[in-house]
Structures are given as structure tokens and as C-alpha cells.
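Data first, discussion second: the structure below is written as C-alpha cells.
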Amino acid sequence: MTQLKNKSKQIQISHYLNPQQTSLTCSKPSTPHLNSKSKKVKPLNSQKPQTQTNTTNREEETKTQKPLSPSTNTNMIAYLEHFVHGNDTEVPLQNDAVAALEGAASFNFGATSLAAKDFGGMKSAHPLALIRPSSATDVARAVRAAARTPNLTVAARGNGHSINGQAMAERGLVLDMRAMADEEDHFTLICLDESPYVDVSGGALWEDVLKRCVSRFGLAPKSWTDYLGLTVGGTLSNAGVSGQAFRYGPQTASVAELEVVTGKGDTVICSETQNSELFFATLGGLGQFGIITRARIALQQAPNMVRWIRVVYSEFEDFTEDAEWLVTRKEGVDGFDYVEGFVVVNGDDPCNGWPTVPVNPNQQFDPVHVPRSAGPVLYCLELALHCHHSDHPSEIDMKVDRLLGRLRFIKGLRFEVDVTYMEFLSRVKRVEEDARVNGIWDAPHPWLNLFVSKSNMAEFDREVFKKILKHGIGGPILVYPLLRSKWDSRHSVVVPDSNIFYIIALLRFIPPPPKGPPTELLVAQNHAIIQLCYTRGFDFKQYLPHYQSQDHWKLHYGDKWSRFVERKANFDPLAILAPGQKIFTRIPQPSICPSHN
Ligand code: FAD
0 MTQLKNKSKQ IQISHYLNPQ QTSLTCSKPS TPHLNSKSKK VKPLNSQKPQ TQTNTTNREE
60 ETKTQKPLSP STNTNMIAYL EHFVHGNDTE VPLQNDAVAA LEGAASFNFG ATSLAAKDFG
120 GMKSAHPLAL IRPSSATDVA RAVRAAARTP NLTVAARGNG HSINGQAMAE RGLVLDMRAM
180 ADEEDHFTLI CLDESPYVDV SGGALWEDVL KRCVSRFGLA PKSWTDYLGL TVGGTLSNAG
240 VSGQAFRYGP QTASVAELEV VTGKGDTVIC SETQNSELFF ATLGGLGQFG IITRARIALQ
300 QAPNMVRWIR VVYSEFEDFT EDAEWLVTRK EGVDGFDYVE GFVVVNGDDP CNGWPTVPVN
360 PNQQFDPVHV PRSAGPVLYC LELALHCHHS DHPSEIDMKV DRLLGRLRFI KGLRFEVDVT
420 YMEFLSRVKR VEEDARVNGI WDAPHPWLNL FVSKSNMAEF DREVFKKILK HGIGGPILVY
480 PLLRSKWDSR HSVVVPDSNI FYIIALLRFI PPPPKGPPTE LLVAQNHAII QLCYTRGFDF
540 KQYLPHYQSQ DHWKLHYGDK WSRFVERKAN FDPLAILAPG QKIFTRIPQP SICPSHN
């Protein structure tokens with residue numbers, strides 16, 4: 000595996016950044032996002048029919064499309080033909096699909112090239128059309144239009160940050176959910192039983208939710224992901240995990256109500272007490288049961304500042320014992336507000352080793368402190384304490400010292416800095432900006448996310464961290480404990496059985512081949528790790544799962560599989576939704592004449 004050792008001068012993805020790099024804003028990412036309002040309009044009937052296009056031509060052409068109005072109905076067939084990828088003679092456009100979609104001619108369409116790829120950069124698809132819905136009504140109409148066809152599918156696309164084509168729909172309809180978030184009225188603060196909540200669009204980016212909540216109300220959601228350029232609907236369809244999850248559970252645990260468009264095209268408000276089965280199914284449901292058009296999310300007072308700390312361990316046992324002590328402290332007693340951890344190579348590799356640890360620009364990692372007995376990798380606890388302007392600095396220092404005083408990290412390898420709350424939560428934004436400049440953001444991302452039971456972690460460390468990954472992965476290797484009690488078993492997501500389990504995330508940021516190792520080699524390495532978990536009989540689950548066959552999905556869901564299938568039959572009986580997850584296949588139907596609603 001020497002090829003995997005990457006010592007190039009690529010971007011240093013020091014685990015989510017050093018503060019000198021974090022002059023952050025919460026502006027929208029520079030992800031190419033087609034907004035038809037700002038595109039030049041080209042008359043539809045001037046477009047020549049395409050038989051075969053190359054991607055560049057197609058992208059150029061689609062940039063000039065305009066929103067369709069009912070008056071463009073007669074151009075609809077020609078217009079949709081324009082979206083058909085590949086060879087038209089090989090795969091003729093389905094007349095039924097066109098007929099059904101004619102009833103929805105006022106849809107705002109975008110360029111399908113957006114939906115042909117995702118962040119993983121390893122899969123591609125050819126959707127029939129990309130629809131930019133402006134409301135739940137549009138979403139419902141698109142789903143109903145698909146239901147009227149023999150075999151069209153519909154994928155909601157959040158920000159396309161999946162790795163394995165989960166938000167894609169081969170020859171189906173893709174809904175660009177971010178288009179919905181452009182509507183101002185999808186952001187409303189409400190108070191229920193004296194507790195604050197915010198109603199946000201399913202297509203809103205978490206970074207926008209943060210910015211608006213903090214700047215307008217001084218409030219913030221409780222649970223986050225590390226990176227906030229993800230949509231509300233996208234992370235709630237999985238779980239949404241970060242260093243706050245030990246206390247508040249994943250993001251799905253902070254949701255009080257959802258508005259969902261089911262696979263039947265019904266728009267349903269659901270919560271724990273109203274249409275609860277749909278509510279529980281949708282949270283962590285991989286988009287299988289409905290499309291989230293609105294979510295009501297619990298808020299809390301936002302802190303002003305964060306004390307951001309990293310401490311280093313040479314012994315895995317010390318690292319895990321301390322991490323578990325921190326995450327199991329009773330609520331209300333002193334504790335950190337954020338607990339994560341990561342593995343670093345025990346060496347001076349700028350991408351994977353010591354230089355990735357310090358958070359304070361004035362501090363250096365001095366390897367003299369590393370014990371001679373240390374192995375090929377070290378472990379770093381990453382902690383954060385929320386602070387308010389009213390807190391006296393000496394009180395914060397005392398609290399931090401009290402907590403750190405109980406831990407067994409290597410003395411001399413403690414790094415800390417004070418940053419604003421916004422800077423802390425936006426720390427991965429800078430990674431994105433740098434990685435874009437270095438061309439690594441758009442490179443393939445063969446990532447792997449696992450949940451592994453506490454009881455298997457020592458063996459995982461021995462076999463995976465210390466052997467397979469001992470040279471690093473060219474990006475963060477996250478590892479930190481989560482508490483099963485914070486995960487609602489009524490939700491669709493499945494986790495290991497043990498009370499404490501770890502999230503392990505291999506977040507590779509490497510140059511594309513030939514500069515970096517072949518992507519297939521890294522995918523094979525991921526498979527080898529998964530295989531090791533199976534053969535050793537580990538209690539584990541994939542997070543953001545990806546499987547090739549339904550048998551694997553059955554294995555993944557275990558005794559929850561029958562519930563999953565039942566929910567599918569109830570809420571998406573034709574298996575129209577989220578085909579990119581490859582769990583169910585669309586159930587073919589005789590075509591139904593379009594009705595214009
Ligand atoms: P997409 O990739 O667009 O969609 C994902 C799935 O959800 C698809 O099946 C899609 O059809 C479905 N979907 C999308 N929108 C909706 C909707 N409104 N209603 C119903 N279904 C919908 N995850 C974490 O938990 N914690 C992290 O810290 C974290 N960090 C990340 C950092 C980076 C740089 C990246 C690329 C990913 C990270 N992720 C993290 C993973 C991320 O949560 C998932 O990839 C998520 O699916 C991406 O959200 P998205 O909005 O781009 O969704």
C-alpha cells in the first residue's frame with residue numbers, strides 16, 4: 000500500500016484547519032449553482048434538435064435555457080428532447096414521460112449536467128430533466144407526473160455532496176432542492192412552549208441556517224455536521240453527525256416537525272404526534288419515503304466564542320477512555336460542548352502527520368514530547384467549550400484546566416485558541432476554498448464512513464489505523480464516540496447495538512490520478528476495511544451507506560429491514576423516490592393519461 004502514502008505538497012488538510020486560515024464568512028459556497036433567473040434567455044424554438052452531443056456542448060446549450068411557462072407547452076417535447084443524454088437512437092425519449100410532464104409545463108428547468116455528478120466524483124448519471132421547484136406544490140406535481148409514467152423515478156438533490164450517486168436518477172427527474180431555499184418565506188422563527196424553533200426549507204444549506212439564526216436572533220441549532228455546505232434535507236435523510244451529537248444526538252434528533260412530499264405525491268405535515276410513522280421513516284430514511292420540503296429545528300442560545308482545543312495521545316486506550324469519559328458526563332455538570340477525535344501519522348508528513356495538529360498559529364508540534372514507545376499513529380482529541388461575553392476569562396481557563404486535568408494526553412501536546420462561534424462552525428469552509436484552489440475539491444473522493452461498536456475499537460485500531468492506514472489517507476481520519484441513547488430507534492437510520500459506538504470517517508482529499516493514487520485502489524482499500532469488519536464479526540454499520548445489492552441492504556438493516564420495506568410500501572409504493580440509493584427498483588406501471596395538475 001505504499002502508493003497510498005501521499006507526501007506531496009498538496010493542500011494541508013490539517014484536520015479542519017488552523018485558525019490562521021479561518022478568516023471565515025458564511026456566504027454561499029462558490030459551487031456552480033444554476034439560477035435560471037440570471038441566465039441569458041435563448042428562444043426555445045431556435046434550438047436545433049440534438050442527436051448526439053458531447054458534454055461541453057450540452058453544458059453550453061443548457062446554460063441558455065429559460066424557465067418554462069404554460070405558453071411554451073407546444074415546445075415541451077423538443078425542449079425535453081434537448082435534455083436527453085447519450086444516443087437518441089439507442090434510448091428514445093419515453094413518450095409517456097413527455098406526456099406526463101406536459102401537464103407540468105410551468106416547471107422551472109435547469110441544466111442536467113448539475114445532476115450528472117456528485118462530490119464523490121466516481122459515479123455519473125444521465126437524468127431526463129433537472130427541475131428547480133419553488134414550492135412543495137412543485138415537488139408534489141413532479142412526483143405525481145413521474146407516477147403517471149411507466150417507470151420514471153425522482154431524486155431530490157440537496158447539494159450533491161453524496162459520494163456514490165445517492166442523489167442521482169438515471170433517466171429520471173432530479174429536483175434541485177436548493178432552488179426552493181431561494182424563497183425568503185422558508186425561514187421562520189417560531190416559539191413553542193417557550194422554546195425556539197426555526198422552520199427552514201429542505202433545500203436550505205446549513206451554513207445559511209447558521210448565518211440567519213445567529214445574526215438575526217442570536218440562536219442556533221444544537222447539532223451540526225462538520226461541514227455546513229450541505230442541505231437540511233440531505234443530512235436529515237442520513238443523520239447529520241458532528242462533535243455535538245454525544246449530547247444532542249444527530250441532527251435528526253433536533254427535528255420537531257417535517258413537511259414531506261411522499262412517493263404518492265401527497266404533501267404531509269408530520270411529527271412525533273401527527274402522521275408519526277412518516278416522520279420517523281423520513282428521518283434517516285435515505286430519501287426513500289418522502290422529500291423533505293420543510294423542517295422545524297430546535298434552537299438554543301448561540302455562544303459568542305469557542306475555546307477550541309486539541310490534545311494528543313500515543314496510546315489508543317488512553318484516548319478512548321478519555322473520550323468516553325467526556326461524552327458520558329451527566330448533563331448539567333462541567334463538560335465540553337463538542338468532542339471529536341482523529342488519527343494522525345506519527346511523523347512530519349504535512350498532510351497526515353504532526354503539522355496537522357496545532358490549532359494555534361503560535362504553537363508548534365514539538366515531537367520531542369512524543370514517547371519513544373509510540374506507534375506509527377497518534378490520536379488527537381478535539382474539544383470545544385462554548386463561551387459567552389459575560390464569562391470571565393479566568394473562569395473559562397479554570398473550567399478548561401479542571402477538565403483537561405483529568406485527561407491522560409501527552410503533556411506538552413496541548414493546543415488551543417479562542418475563535419468566534421461562527422468561525423468554529425465554519426472551519427471546514429476554508430478547507431473547501433483551499434481545496435478548490437488546489438483542484439482537490441473536484442477530484443474523486445473515495446470516502447468511507449462507519450459506525451463501529453466500542454467493543455471492537457481496540458482491534459480496529461490494531462488492524463486498520465496501525466496497519467492499513469498507518470501512512471494516513473491524505474485527509475482527516477475521524478474517530479470519536481457516540482451514544483446510542485441519543486439515537487431514536489424509531490428513525491430509519493441503523494446503528495450498532497452497543498451503548499457506545501464510534502464514528503470512523505476516512506475523508507480523503509488527494510489529487511486525482513496520475514498525481515495521486517488510482518481511485519480504484521482507494522475504493523479497494525475501503526472494501527478491505529469493510530471486509531475485515533465482517534470477517535472479524537464486528538458490530539458495525541456503514542454510515543451514508545452504499546451497497547450493490549438488496550441482499551446487502553437487508554444485512555445492513557437487519558431486523559429493521561421488514562419495517563423499512565413496509566414503510567416503503569406505505570409511502571412510496573411504486574418506488575419512485577431516491578433511486579440513486581439502489582435499494583428498490585421502480586415498479587413499472589401502465590401509463591396513465593396526464594391530468595394537468
Ligand atoms: P445529497 O447528496 O444531494 O443527497 C443525499 C441523499 O438525500 C440522496 O439520496 C437524496 O435523494 C436525498 N435528499 C436530498 N435532499 C432531500 C430532501 N430534501 N428530502 C429527502 N431526501 C433528500 N455528514 C455528517 O453527518 N457529518 C459531517 O460532518 C459531514 N461532513 C461532510 C463534509 C463534506 C465535505 C461532505 C462532502 C460530506 C459530509 N457529510 C457529513 C456527508 C453528508 O451529510 C451527506 O453526504 C449528505 O447526504 C450530503 O447532503 P446533500 O445536501 O449534499 O445531499
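Numbering of the sequence shown is given in numbering that gives the first Met the number 0, commencing with residue 0 and proceeding in unit increments. Idealized CB from N, CA, C, for every residue including glycine. Please read all numbers here as calculations on a predicted model, not as lab measurements.
Considering only the alpha carbon of each residue, which of A166, R131, V142, G109 lies closest to G120? For G120, the nearest C-alpha among the options comes from A166.
Limits of the alpha helix (DSSP H) - the one that L402 falls within: Where L402 is concerned, the enclosing alpha helix (DSSP H) stretches over 392–403.
Grouping DSSP H, G and I as helix and E and B as strand, with all else coil, what is N345? Note: N345 maps to coil in three-state DSSP.
Looking only at C-alpha atoms, which of G289, M421, D117, F539 sits nearest to R143? Distances from the CA of R143 to each of G289, M421, D117, F539 were compared; the closest alpha carbon is that of G289.
Compute every distance between the C-beta of L285 and the non-hydrogen atoms of ligand 1, then say whether any falls below 8 Å. The nearest non-hydrogen atom of ligand 1 is less than 8 Å from the C-beta of L285.
Can you tell me whether Y226 sits near ligand 1, meaning its C-beta is under 8 Å from at least one heavy atom of the ligand? For ligand 1, at least one heavy atom lies less than 8 Å from the Cβ of Y226.
Would you call the CB atoms of G242 and V338 closer than 9 Å? Going by C-beta atoms, G242 is nearer than 9 Å to V338.
Any heavy atom of ligand 1 closer than 8 Å to the Cβ of R566? Not under cutoff, so the answer is no.
In angstroms, rounded to a whole number, what distance separates the CA positions of V90 and L151? Confidence is the limiting factor: at V90 the pLDDT is only 34, short of 50, which leaves the residue's position unreliable, though a coordinate-based value still follows. Rounded to the nearest angstrom, the two C-alpha atoms are 14 Å apart.
Quick one: is S236 buried, meaning 16 or more other Cβ sit within 10 Å of its Cβ, or exposed? So S236 ends up on the buried side.
For G473, does the count of other Cβ atoms within 10 angstroms reach 16, so buried, or fall short, so exposed? Buried, by the Cβ-count rule.
Going residue by residue through the region 451–483, where are the continuous beta strand (DSSP E) segments of at least 3 residues, counting only ones entirely within it? DSSP runs (the beta strand (DSSP E)) wholly in the region 451–483: 476–482.
At a cut-off of 8 Å, would you count V240 as near ligand 1, judging by its Cβ distance to the nearest heavy atom? For V240, the CB falls within less than 8 Å of some heavy atom of ligand 1.
Measure from the alpha carbon of V399 to the alpha carbon of each residue in A383, I503, H388, then state which is nearest. It is A383.
Using only alpha-carbon positions, find the residue among G471, A203, K553 that is nearest to N351. Closest option to N351, Cα to Cα, is G471.
With three or more beta-carbon pairs closer than 8 Å as the criterion, would you say the region 479–487 touches the region 499–512? Output reads yes: the region 499–512 touches the region 479–487.
CB A280 to CB F570, shorter than 9 Å? A distance below 9 Å separates the beta carbons of A280 and F570.
Residues that G334 bridges to, as DSSP identifies them: Answer by DSSP bridge pairing: none, since G334 is not bridged.
May I ask you to check if the CB of I509 is nearer than 8 Å to at least one heavy atom of ligand 1? Incorrect: I509 has no Cβ contact closer than 8 Å to ligand 1.
Cβ-heavy atom distance between L129 and ligand 1 below 8 Å? Taking the Cβ of L129 as the reference point, every heavy atom of ligand 1 lies at 8 Å or farther away.
Test item: CB-CB of V254 and A219 under 9 Å: With contacts defined by Cβ atoms closer than 9 Å, V254 and A219 do not form a contacting pair.
Determine the direct distance from the alpha carbon of Y226 to that of H160, and round the result to whole angstroms. Note on geometry: alpha-carbon atoms of H160 and Y226 lie some 11 Å from one another.
Do you know whose CA, among A141, N158, W324, lies nearest F245's CA? Distance from the Cα of F245 is smallest, within the candidate group A141, N158, W324, for W324.
Residue from P195, C532, R413 with nearest C-alpha to I308: Looking from the CA of I308, the closest CA among P195, C532, R413 belongs to R413.
When A523, L282, P249 are compared against E258, the one with the closest alpha-carbon: Of the candidates A523, L282, P249, the one whose C-alpha sits nearest the C-alpha of E258 is L282.
Work out the CA separation of R461 and V310 for me, nearest whole Å. Distance between the alpha carbons of V310 and R461: 21 Å.
Enclosing beta strand (DSSP E) for V506 [first to last residue]: At residue 506 the sequence reads Leu, which differs from the Val that was named. Per DSSP, L506 is not a residue of any beta strand (DSSP E), being assigned neither H nor E.
Which word fits A568, buried or exposed, when buried means at least 16 other C-beta atoms lie within 10 angstroms of its C-beta? Exposure of A568 is indicated by the presence of fewer than 16 other C-beta atoms within 10 angstroms of its C-beta.
Residues sharing a beta bridge with E304, DSSP: Going by the sequence as given, residue 304 is Met instead of Glu. Bridge partners of M304: C386, T419.
Quickly, what does DSSP pair P220 with across the bridge? List them, please. Answer by DSSP bridge pairing, in chain order: L298.
Paired residues, beta bridge with E314 - DSSP: Answer is none; E314 lacks a bridge partner.
Taking the alpha carbon of H388 as the point to measure from, which residue in H368, A373, Q300, G334 has its own alpha carbon closest? Comparing alpha carbon positions, the residue from H368, A373, Q300, G334 closest to H388 is Q300.
Which residue wins for smallest C-alpha separation from G411, given the options Q362, L449, K329, L554? Measuring from the Cα of G411, the nearest candidate turns out to be Q362.
Closer than 7 Å by C-beta to H444: which residues in its own chain qualify, once you throw out the five before and the five after it? Chain order, please. F118, G119, G120, I162, R507, listed in sequence order.
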